[in-house]
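Written below as structure tokens is the structure these notes are about.
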Amino acid sequence: MTTKLKSADIVIVGLGWTGGILAKELADTNLSIIVLERGAPRDTNPDFMYPTVHDELRYAQRHELMLNVSRETLTFRNTASETALPMRQLGSFLPGEGVGGAGVHWNGVTWRWLPWDHEPLKHTLDRYGRGAIPPDMNLQDWGVSYDELEPYYDKFEYLCGSSGKAGNLGGKKIVGGNVFEGPRQREYPNPPMIQTQAGALFEKAASSLGYHPFPQPSSNASQPYVNPDGVAFGACHYCGYCERFGCEANAKASPHFTVIPLAAKKSNVEIRTNARVLKVNLDAARKRAESVTYIDAGGREFEQPGSLVILAAYALGNVHLMLWSGIGRPYDPVTGEGVVGRNYAYQIGSGATVFFDESTWMNPFMGAGALGTVIDDFNTGSFDHGKEGFIGGGGITTPTATGRPIGFRPVPPGTPAWGTEWKRAVRRHYNHTLAINNQGSVMAYRHNYLDLDPTYHDRYGRPLLRMTFDYHANEQKQANYLADICVKIGQAMGADRVVRRASPQRYSIVPYQSTHNTGGAVLGTDPRTSALNRFSQCWDVPNVFVAGACAFPQNAGKNPTGPVGALAFWTADAVKRYLKSPGPLVPV
Amino acid sequence: MADNEGVRRRDVLKSIGLTGAAAGLAATSVASVAKEPESEPTMQSHAHAPARNESAAETFRFFTEREAAVVVALVDTLIPRDDVGPGGVEVGVPTFIDREMASGYGRGARMYLDGPFGEGTPQQGYQLPLPPAELYRVGIADLNAWCAKTRGGKTFDQLSAADRTAALKMVEAGQAEFAQVPARAFFNILLQNSMEGYFADPVHGGNRNKAVWKMIGFPGAIGMYADDIEKYRNKKYDVEPKSIQDLS
């Protein structure tokens with residue numbers, strides 16, 4: 001029994017950063033907009049209030065703000081020769097659920113990806129030639145350059161009140177900022193955050209080695225701020241409850257108190273929460289989306305027709321909806337043909353843990369999600385990685401995000417996991433240890449992809465998404481090379497002991513790594529290798545636009561939310577052009 | 589039957605250096621935490637403190653009395669009371685685990701538990717058809733059966749402290765032959781939950797009196813450091829930790 005509803009001009013699926021930005025930007029068209037969010041409504045008050053929000057067990061361990069995998073999850077295997085099995089509990093990554101999506105529980109690290117990250121193929125061919133590219137690597141450009149996205153990056157940073165220091169103002173390099181970044185039109189809206197002891201040690205050591213340390217760009221406001229829309233931010237308390245938590249101070253930028261209320265107050269915008277979209281319904285020729293099917297909290301099924309559908313779910317959710325709805329041709333790793341599910345990527349981690357004597361106090365609990373000191377000297381576009389035998393690179397950071405002790409208990413290798421010796425080591429090292437992390441890029445490969453699982457289903461009867469993913473030698477070389485750099489920096493700090501964290505051998509879905517899943521429905525200029533044209537529009541179904549990190553053709557050595565936000569603004573402009581004259585924005 | 593078990597349990601607790609005081613803490617801390625979060629516990633787990641609640645396990649919500657005795661012995665082995673800091677039992681970790689097992693978490697409310705079930709690779713993660721509470725139930729039965737078989741008919745809680753440590757090391761290494769579930773799966777969840785209870789906010793039943801936060805110097809739920817972060821750079825921040833309840 002499906003209830004058919006009155007048609008809307010625009011239907012948006014998902015209400016995180018991308019859905020929120022698109023709803024707010026498109027609200028000005030005065031067209032009727034319906035936003036469908038699978039989770040519950042949430043607001044700072046009462047949902048993220050102090051002190052109850054400072055509960056590590058409830059939010060960080062039990063994942064209260066995140067996807068409930070009893071309802072929908074995915075299956076995973078490292079290679080196609082294995083049988084994929086369900087992700088039965090959250091681990092490696094933490095998609096959001098509810099108003100604001102993962103934008104509520106992120107850390108707030110707000111990068112502009114390097115110009116190289118938007119055009120890796122072009123830069124690689126220019127510098128190293130085609131022979132440098134491994135045969136199974138699907139290296140490809142966005143079809144949108146950094147320079148084209150710059151105004152949209154700027155818009156997102158000012159929306160978020162990002163705190164940082166420019167390193168390249170209109171081509172002029174500025175020491176103290178990131179000298180490797182692309183040129184920006186103006187400074188960050190807020191000055192950098194206050195540095196910690198760990199950050200100061202990192203800065204000094206990295207400088208002594210000739211590197212270029214700078215404060216990590218952070219959407220944890222370093223001072224009270226009012227954004228261009230008139231939304232007020234509080235100043236960050238450095239409470240250390242950022243990632244996996246909502247922010248009680250509205251200091252961490254989040255869609256739930258910025259773009260979403262602005263969209264919601266418009267009479268032409270209607271937000272429906274607990275409305276889980278199961279499918280996009282196409283016409284018989286699969287050339288046009290006609291409606292979406294969703295169920296409400298009570299399990300009732302509705303069909304919501306719309307002239308235009310925007311998929312703004314989490315990266316993996318968008319790909320799942322496209323595959324299940326038949327939008328675009330599914331990718332086949334055997335033939336290499338098809339595009340939906342192609343170029344799924346993740347990131348690779350390595351680094352060093354640095355143990356100090358008991359007279360060096362880190363106070364790790366005085367932190368903020370995005371508080372950290374970084375070098376980009378070994379990131380993708382910054383150095384001659386070809387000479388080292390790999391494509392890519394990573395950002396090297398000493399973060400001071402949190403000292404919450406269920407999750408943060410560094411002990412030297414060889415320490416038992418329990419008993420008196422374990423306890424002694426926890427007490428000894430808790431306040432005297434720092435981490436130097438490489439966030440490494442991962443390129444796309446022919447055999448890393450997403451499709452529908454043949455065996456397992458979600459609570460709504462749909463096949464689960466199936467993820468096939470493993471690390472390749474190119475990335476492992478990179479991670480090990482950067483681990484050595486991390487060790488070098490640690491040693492320059494004059495620590496007691498520096499422990500190297502090498503590249504992982506296999507990708508595992510078990511330990512948390514990052515919620516930085518990318519690809520599966522990527523932007524591009526060739527319908528044979530991309531699901532979307534460079535305006536985030538489906539090549540095959542032009543009244544469907546897709547927003548989010550699923551559009552990134554490969555993953556970078558930087559957090560994805562900056563380009564996710566920039567691309568949402570870019571997509572909003574494209575949709576506005578489409579609305580004037582519906583049809584493909586790029587001729588096929 | 590009940591009397592015999594009660595006697596046996598007391599003997600066990602004595603044999604592992606835990607008299608009724610420590611065991612009683614585990615069982616009564618639900619009420620204690622709720623009623624007297626500010627006060628020092630009336631029992632400091634002195635080895636010879638008088639017993640406050642002999643039938644301690646009756647107040648557990650999920651575990652049976654026999655299971656509770658095993659959980660207490662396990663936690664006491666993982667996080668013993670020593671000169672470094674508080675023991676897991678005295679700060680209420682068994683109570684924490686019991687409450688968690690009685691909650692949605694224990695029942696797998698946020699887990700995908702549809703079949704078919706395959707063993708998978710380590711990279712594919714947990715693949716048993718059991719939510720945490722059932723894993724404990726089956727795992728404790730397996731542990732006791734393995735102990736009985738290899739250690740002269742004794743269940744885990746009946747072993748000496750040294751034997752418990754040796755047995756748990758074999759469980760951790762996956763060398764203990766469990767009849768129904770992999771020993772390591774049971775060990776992993778036990779260790780995870782024990783650490784959670786030890787370090788979490790006392791509102792959840794463990795970390796009584798914030799004793800564990802005091803041990804490591806974690807200020808707890810305070811989270812107001814904008815004025816302190818520069819002032820205390822590379823300096824000890826010596827404050828009384830605050831729990832959620834303290835700040836409410």
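Chains as they are written, first to last, in my numbering: chain A, 1 to 588; chain B, 589 to 836. Don't be surprised by glycine CBs; every beta carbon is placed ideally from N, CA and C.
Could you tell me which residues DSSP puts in a beta bridge with B:F684?
Beta-bridge pairing links B:F684 to no other residue.
Any C-beta of chain A sitting closer than 8 Å to the C-beta of B:Q816?
Going by the sequence as given, residue 816 of chain B is Asp instead of Gln. Taking Cβ atoms only, chain A reaches closer than 8 Å to B:D816, which makes this a yes.
Quick check: A:I519 and A:A345, are their CB atoms within less than 8 Å of each other?
It should be pointed out that residue 519 of chain A corresponds to Gly in this sequence rather than to Ile. Closer than 8 Å, so yes.
Is the Cβ of B:P710 closer than 8 Å to any Cβ of chain A?
yes
Do we get a CB-CB distance below 8 Å when we pair A:Q216 with the residues of chain B?
no
Are A:G167 and A:G177 closer than 8 Å when you measure CB to CB?
yes
Grab me the residues of A:H432's own chain with a C-beta within less than 8 Å of its C-beta, minus the 5 sequence neighbours each way, in chain order.
F355, F356, D357, E358, T360, W361 and M362
Any beta-carbon of chain B closer than 8 Å to the one on A:T196?
yes
Between the CA atoms of A:A556 and A:C486 - distance to the nearest angstrom:
18 Å
Reduced DSSP category for A:D9 - H, G, I as helix; E, B as strand; rest coil
strand
Per the DSSP calculation, A:P305 is bridged to which residue(s)?
A:S291
Under the three-state reduction of DSSP, which class applies to B:E818: helix, strand or coil?
coil
Which of helix, strand or coil does DSSP assign to B:Y786?
helix
By the 9 Å beta-carbon criterion, what residues does the segment 81-93 of chain A contribute toward chain B?
E82, T83, A84, L85, P86, M87, R88, Q89, L90, G91 and S92
Using the C-alpha atoms, what's the distance from B:M783 back to B:K819?
31 Å
Tell me, to the nearest whole angstrom, how far the beta carbon of A:A232 is from that of A:M493; I am working on the premise that it is less than 8 Å.
Not quite, the Cβ-Cβ distance comes to about 39 Å (not below 8 Å), so this is no contact.
Three-way DSSP call (helix, strand, coil) for A:E270 in this model:
strand
How about A:T83 and A:Y456: are their beta carbons less than 8 Å apart?
no
In whole angstroms, what is the alpha-carbon distance linking A:A313 and A:N448?
21 Å
Give a yes or no on whether 8 Å exceeds the smallest Cβ distance from B:E678 to chain A.
no
Which bits of chain A does B:E784 rub up against, with CB to CB less than 7 Å?
L57, Q61 and I406
Going by DSSP, what residue range makes up the beta strand (DSSP E) through B:T652?
No beta strand (DSSP E) contains B:T652, which DSSP labels as neither H nor E.
For chain A, check one thing: does any of its Cβ atoms lie closer than 8 Å to the Cβ of B:P704?
yes
Starting from A:H447 and walking both ways along the alpha helix (DSSP H), at which residues does that stretch end?
Premise fails: A:H447 is in no alpha helix (DSSP H) and is neither H nor E.
Show which residues of chain B have a CB atom less than 8 Å away from the CB atom of A:E189.
Looking at the sequence itself, residue 189 of chain A is Pro, so the reference to Glu does not match. Those do not exist, as A:P189 stays about 18 Å from chain B at its closest Cβ, beyond 8 Å.
Just tell me which of B:D702, B:S836, B:L723 and B:I810 has its CA closest to the CA of B:P829.
B:I810
Environment of A:G369 [buried if 16+ CB atoms lie within 10 Å]
buried
Can you tell me whether A:K265 is helix, strand or coil according to DSSP?
coil
Mind pulling the chain B residues with CB within less than 8 Å of A:I509?
Q711, Q712 and G713
I want to verify the contact list: residues of chain B whose CB lies under 7 Å from the CB of A:H54, in sequence order.
A809, G811 and I832
Excluding the 5 residues flanking B:V679 on each side, which residues of the same chain have their C-beta closer than 7 Å to its C-beta?
Y786, G794, N795, R796, A799 and V800
Which same chain residues, not among the five before or five after A:N107, have their C-beta less than 7 Å away from its C-beta?
C242, E243, G369, A370 and A401
Whole-angstrom C-beta distance between A:V179 and A:H212, which should lie under 8 Å:
5 Å
Whose CA, out of A:Q537, A:N517, A:Q491 and A:A23, lies closest to the CA of A:T525?
A:Q537
Beta-carbon of A:S70 versus every beta-carbon of chain B: anything under 8 Å?
yes
Please classify A:P228 as buried or exposed, where buried requires at least 16 neighbouring CB atoms within 10 angstroms.
exposed
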